[in-house]
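If you read the sequence shown in full-length UniProt numbering, its first letter stands for residue 1, the second for the next number, and so on.
The structure appears below as structure tokens.
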Amino acid sequence: MTKISEFEGVRLSLNGRTERSHDDEMIFVEPRGRPNDRYDEQHYRPYFDDNIETNATYQLSKTAYLHCSIRQLGDKTVSWVRQRDLHILTVGKYTYTTDQRFTSIHMDNTDDWTLEIRDTRKKDSGIYECQVSTEPKMSLAIRLNIIVVEAYISEGPILYIKSGSPVNLTCHVKDQVGTVFLFWYHNGRVLDEGEKKHRGIEVFTEFGPTSISRLFIAKAKESDSGNYSCQPSYAEPANITLQVLNGKL
1 MTKISEFEGV
11 RLSLNGRTER
21 SHDDEMIFVE
31 PRGRPNDRYD
41 EQHYRPYFDD
51 NIETNATYQL
61 SKTAYLHCSI
71 RQLGDKTVSW
81 VRQRDLHILT
91 VGKYTYTTDQ
101 RFTSIHMDNT
111 DDWTLEIRDT
121 RKKDSGIYEC
131 QVSTEPKMSL
141 AIRLNIIVVE
151 AYISEGPILY
161 IKSGSPVNLT
171 CHVKDQVGTV
181 FLFWYHNGRV
191 LDEGEKKHRG
201 IEVFTEFGPT
211 SISRLFIAKA
221 KESDSGNYSC
231 QPSYAEPANI
241 TLQVLNGKL
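Written as structure tokens, this is what we have:
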């Protein structure tokens, strides 16, 4: 037998449904906590945040972070899968690959699941899938681009200059992401501010998509001869050999 209670026009039934009467019309309402299938599909199913960045670019050897944000995850599990070989990298907070450069980062009570890739390599470029263990499975593809920063000195690889003449060395760094730091070396020794002032060397650097650093010596001396290196952060150095000659070239 079903027990019925009435209160101010509302009939409460213990059979799991609430019956409301209004102008002789009966309306059936599913109680909170026991949604029907349609309501569950619309209001309780996980979904990806619309603001997820699906294209990420990092420099070679830096740490890359691929971000995935899932709303209403509930008891579902988040996995990261590399698309090119369908290799499962992480499940939840656990790493499922022997390559320990990969780590899943998640803070409790947040919607964010981040795949961390340390010491990135060129082969890490490609598509990674953020998957949710729904049925059918939910998946969001995120492309990772790993670029190799290139540096070169336009006057190289060897420059001959007459003693007393000015020297201009120009280092170009292209395809950079974010801020790059540039250092000049002479015979393996960094040209810091004190060294540059002592030797009459000036360095001018312009930062941009392609950064340019210019090393200037007003009057070259024989002691200025040797190897000069332009060393950007996260890139191989560019080198030039300077030969300062006495007399005519």
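For each residue, glycine too, the CB sits at the ideal point set by N, CA and C.
Going by beta-carbon coordinates alone, are Y128 and L144 separated by less than 8 Å?
Translated into the one-based positions of the sequence shown, residue 128 becomes position 128. Translated into the one-based positions of the sequence shown, residue 144 becomes position 144. Contact: yes.
Tell me, please, whether the CB atom of D119 is closer than 8 Å to any CB atom in chain C?
Among the chains in the structure shown there is no chain C, since it carries only a single protein chain.
Can you name, in chain order, every residue of its own chain whose Cβ lies under 8 Å from the Cβ of D49, other than the five neighbours on each side?
Counting from 1 along the sequence shown, the entry for residue 49 is found at position 49. Excluding residues within five positions, the ones whose Cβ falls inside 8 Å are S69, I70, R71, D111.
State the DSSP-derived secondary structure class of D112, mapped to helix, strand or coil.
Stepping through the sequence shown from its first residue, residue 112 is reached at position 112. Correct three-state label for D112: strand.
What's the C-alpha gap between F28 and Y96?
What you label residue 28 is simply residue 28 of the sequence shown in a count that begins at 1. What you label residue 96 is simply residue 96 of the sequence shown in a count that begins at 1. Annotation note: pLDDT 39 at F28 (below 50); position unreliable, coordinate value reported separately. Spanning the two alpha carbons is a distance of roughly 48 Å.
Where Y39 and W113 are concerned, what is the direct C-alpha to C-alpha distance, given to the nearest angstrom?
Along the sequence shown, read from residue 1 onward, the residue named residue 39 stands at position 39. Along the sequence shown, read from residue 1 onward, the residue named residue 113 stands at position 113. A caution first: Y39 carries a pLDDT of 40, below 50, which makes its placement in the model unreliable, though a value can still be read off. Whole-angstrom Cα-Cα distance: 26 Å.
How is R118 classed by DSSP in three states: helix, strand or coil?
Translated into positions along the sequence shown, residue 118 becomes position 118. In this structure, R118 counts as coil in the three-state DSSP scheme.
May I ask you to verify whether the region 232-240 touches the region 145-164, counting CB pairs closer than 8 Å and requiring at least 3?
Yes, since at least three Cβ pairs between the region 232-240 and the region 145-164 fall closer than 8 Å, the two stretches touch.
Is it buried or exposed, Q100, if we count other Cβ atoms within 10 angstroms and call 16 or more buried?
Here residue 100 corresponds to residue number 100 of the sequence shown, with the count starting at 1. Label assigned to Q100: exposed.
By DSSP's criteria, F102 is part of a beta bridge. Which residues make up the other side?
The count along the sequence shown starts at 1 and reaches residue 102 at position 102. Answer is I117.
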